[in-house]
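What follows is a set of notes on a single structure, which appears directly below.
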């Protein structure tokens with residue numbers, strides 16, 4: 021692939037990752053609003069029942085939102101890392117070391133994606149649903165599996181960028 025085409029593809033990847041992070045943010049804002057409404061409904065002032073299944077929605081949406089943020093965090097080099105021993109190394113060496121760890125992270129996230137996919141398939145096969153809403157459990161698990169693949173891809177992209185960086 022030529023350099024301009026590769027850069028265009030990577031900038032498209034960045035935009036997709038940013039869009040997924042924004043979706044995660046909107047999901048959390050919606051979730052927070054729902055929690056406020058549910059708690060308000062349960063208060064002594066209103067005395068009504070809260071939003072049915074609110075705790076189920078919080079569990080599922082929080083997991084999905086967390087996976088939405090991870091690829092963006094990876095591309096922006098926002099994950100926690102310790103550079104105590106490498107701080108004095110030349111930039112090129114640090115980039116290579118960081119790239120190796122990005123590849124390890126990508127492989128681990130690929131493993132997580134695989135196991136989430138296996139879990140989603142098992143939940144689908146068993147017909148597992150949430151207790152209150154009766155929502156199929158495999159749906160959020162499968163979404164997290166897809167998002168974990170995106171995290172792995174982001175880790176590999178970030179490793180590639182570090183390897184190609186000029187010192």
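In our numbering, the protein residues as written are 21 to 187.
Idealized CB from N, CA, C, for every residue including glycine.
Next item on the list: Output the boundary residues of the alpha helix (DSSP H) element that contains residue 63.
Entry: As a working mapping, residue 63 is identified with position 43 in the chain shown. Unbroken run through residue 63: none, as it is neither H nor E.
Notebook entry, point to check: Name the DSSP bridge partner or partners of residue 99?
Noted result: Position 79 of the chain shown, counting from 1, holds the residue named residue 99. Bridge partners of residue 99: none, in fact.
Check: Does the segment 95–106 come close enough to the segment 137–151 that 3 or more CB-CB pairs lie under 8 Å?
Finding: no
Margin query: Below 8 Å, how does it come out for the segment 63–71 and the segment 111–121: are there three or more Cβ pairs, yes or no?
Written below: no
Check: Which same chain residues, not among the five before or five after residue 58, have their C-beta less than 6 Å away from its C-beta?
Finding: Walking along the chain shown from the start, residue 58 turns up at place 38. Excluding residues within five positions, the ones whose Cβ falls inside 6 Å are 70, 71, 74.
Item checked: Residue environment, residue 154, which counts as buried when at least 16 other CB atoms sit within 10 Å -> The sequence position of residue 154 within the chain shown is 134, counting from 1. Under this definition residue 154 is an exposed residue.
Check: By how many angstroms is the C-alpha of residue 106 removed from the C-alpha of residue 56?
Finding: In the chain shown, residue 56 corresponds to position 36, counting from 1. In the chain shown, residue 106 corresponds to position 86, counting from 1. Going from the Cα of residue 56 to the Cα of residue 106 covers about 46 Å.
Next item on the list: Starting from the C-beta of residue 125, find all residues in its chain whose C-beta is less than 6 Å away, skip the five residues before and the five after it, and write them out in chain order.
Entry: Taking the first residue of the chain shown as 1, we reach residue 125 at position 105. These residues qualify, in order along the chain: 175.
Notebook entry, point to check: Per DSSP, what kind of secondary structure is residue 160 in: helix, strand or coil?
Noted result: Residue mapping note: residue 160 aligns to position 140 of the chain shown, counting from 1. Residue state, collapsed to three classes: helix.
Next item on the list: Write down the C-beta distance between residue 152 and residue 76 rounded to the nearest angstrom, noting that I regard them as a contact closer than 8 Å.
Entry: Along the chain shown, read from residue 1 onward, the residue named residue 152 stands at position 132. Along the chain shown, read from residue 1 onward, the residue named residue 76 stands at position 56. Going by Cβ atoms, the distance from residue 152 to residue 76 rounds to 6 Å, so yes, they are a contact pair.
Check: Sorted by chain position, which residues of the same chain lie with C-beta nearer than 7 Å to residue 60's C-beta, five sequence neighbours on each side aside?
Finding: Locating residue 60 in the chain shown gives position 40, counting from the first residue. Within the same chain, residue 60 has close Cβ partners 66.
Checklist line | Identified DSSP bridge partners for residue 115 | finding: The residue given as residue 115 occupies position 95 in the chain shown. Answer is none; residue 115 lacks a bridge partner.
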